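Residue numbers (my numbering): 21 to 263.
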């Protein structure tokens, strides 16, 4: 089937209390492995291409490969730009046929993050592209940290700011910082479920969990019940590929 819109995918996940896996790919082999697993599980899947990986993967070359693979797959597939850092990158992704993008303005103060994100939302929505954004900061490198990383509570998403951010930007999905990290963990991850519940109470859109590697299954189940509809993975699949 053709690539699907991530917004529709996540709204269905939200209604039926499940989450869709989003996996970063660097080449045809990683794409093949992820799609084969998703087909075997009869699961929708989101294929991520991250700006941080542009040194290793050519977005313009990889996008049509994903589009063709999606046409041949008997499951819903979305093509998503992960952690886009600029308007220029977002526009490139739209021109390549991505059905959704993530703009990451989380390093900016709230007002500037809102301003930049809203500009991107207006452009993307005019051409039917879904937008995910991030508020708060998930520590560790987006490329997958090899060293153990500890979540920094001072950078967690503030529920009140989340409500303001979503209202003023019109984003379709919000990535929240509640205790996960990019890459490997130092010790067991400790997710702030009370914070997640409060964000979900204030925000009426699907929520996204970055840094899925190393999170226990029971924590995933609880997070999904509280509103997580999309979970990002990279480190776990890259380790599996190397092994």
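Glycine included, every Cβ here is placed at the ideal spot set by N, Cα and C. No experiment lies behind these values; they were computed from the predicted model shown.
Starting from residue 6, follow the alpha helix (DSSP H) in both directions and report where the run begins and ends. There is no way to answer for residue 6, as the model of the chain reaches only from 21 to 263.
Starting from residue 69, follow the beta strand (DSSP E) in both directions and report where the run begins and ends. DSSP places residue 69 inside the beta strand (DSSP E), whose first and last residues are 65–70.
Starting from residue 49, follow its DSSP beta bridges and name the residues at the other end. Beta-bridge partners of residue 49 (DSSP): none assigned.
Three-state secondary structure assigned by DSSP to residue 120: In the structure shown, residue 120 sits in a strand (DSSP, three-state: E or B).
Drop a sphere of 10 angstroms on the beta-carbon of residue 263, count the other beta-carbons inside from all chains shown, and report buried for 16 or more, exposed for fewer. Interpretation of residue 263 is limited by its pLDDT of 48, a score under 50 that renders its predicted location unreliable; the figure taken from the coordinates is listed afterwards. Around the CB of residue 263, fewer than 16 other CB atoms lie within 10 Å, so the residue is classed as exposed.
Between residue 87 and residue 101, which are expected to be in contact by the criterion C-beta below 8 Å, what is the C-beta distance as a whole number of angstroms? About 14 Å; that fails the 8 Å criterion.
Does the beta-carbon of residue 239 have 16 or more other beta-carbons within 10 angstroms, so that it is buried, or is it exposed? By the 10 Å Cβ count, residue 239 comes out buried.
Determine the extent of the alpha helix (DSSP H) in which residue 89 is found, giving its start and end residues. Looking at the DSSP string, the run of the alpha helix (DSSP H) that includes residue 89 is 79–92.
Could you tell me the alpha carbon to alpha carbon distance between residue 29 and residue 123, rounded to whole angstroms? The straight-line gap from Cα to Cα measures roughly 19 Å.
Smallest Cα separation from residue 117: which of 200, 130 and 97? Per the C-alpha coordinates, the member of 200, 130 and 97 positioned closest to residue 117 is 97.
Nearest to residue 232 by CA position, among 211, 56 and 52, is which residue? Ranking the options by Cα distance to residue 232, first place goes to 211.
Buried or exposed (CB count within 10 angstroms, at least 16 for buried), residue 64: Counting Cβ neighbours within 10 Å, residue 64 comes out buried, since at least 16 surround it.
Let me confirm a value: residue 254 is counted as buried when at least 16 other C-beta atoms fall within 10 Å, else exposed. Which label applies? Buried.
Residue 172 - containing beta strand (DSSP E), residue span: Taken as a continuous stretch (DSSP letters only), residue 172 belongs to no beta strand (DSSP E), as it is neither H nor E.
Okay, do the segment 64–81 and the segment 38–46 touch, 3+ Cβ pairs below 8 Å being the bar? Yes, they touch.
Could you tell me the distance, in whole angstroms, from the CA atom of residue 158 to the CA atom of residue 22? When rounded, the distance between both Cα atoms is 32 Å.
Under 6 Å Cβ to Cβ from residue 125, same chain only, skipping five residues before and after it: list those, please. The answer, listed in chain order, is 133, 136 and 137.
Confirm, please, whether the CB-CB distance from residue 182 to residue 155 is below 8 Å. The answer is yes: Cβ separation under 8 Å.
Use the C-beta contact count for residue 148: other C-beta atoms within 10 angstroms, 16 or more gives buried, fewer gives exposed. With fewer than 16 neighbouring CB atoms inside 10 Å of its own CB, residue 148 falls in the exposed class.
Which of the three DSSP states is assigned to residue 62 in this structure? Three-state result, residue 62: coil.
Beta-carbon within less than 7 Å of residue 198's beta-carbon, same chain only, minus the 5 sequence neighbours each way: which residues are those? Around residue 198: 176, 177, 211, 212, 215 and 216.
In its own chain, which residues sit with a C-beta less than 8 Å from the C-beta of residue 186, not counting the 5 before and 5 after it? Excluding sequence positions up to five before and after residue 186, its CB lies within less than 8 Å of the CB of 194, 223, 224 and 225, all in the same chain and listed in chain order.
For a test of the three-state rule: what should DSSP assign to residue 224, helix, strand or coil? In this structure, residue 224 counts as coil in the three-state DSSP scheme.
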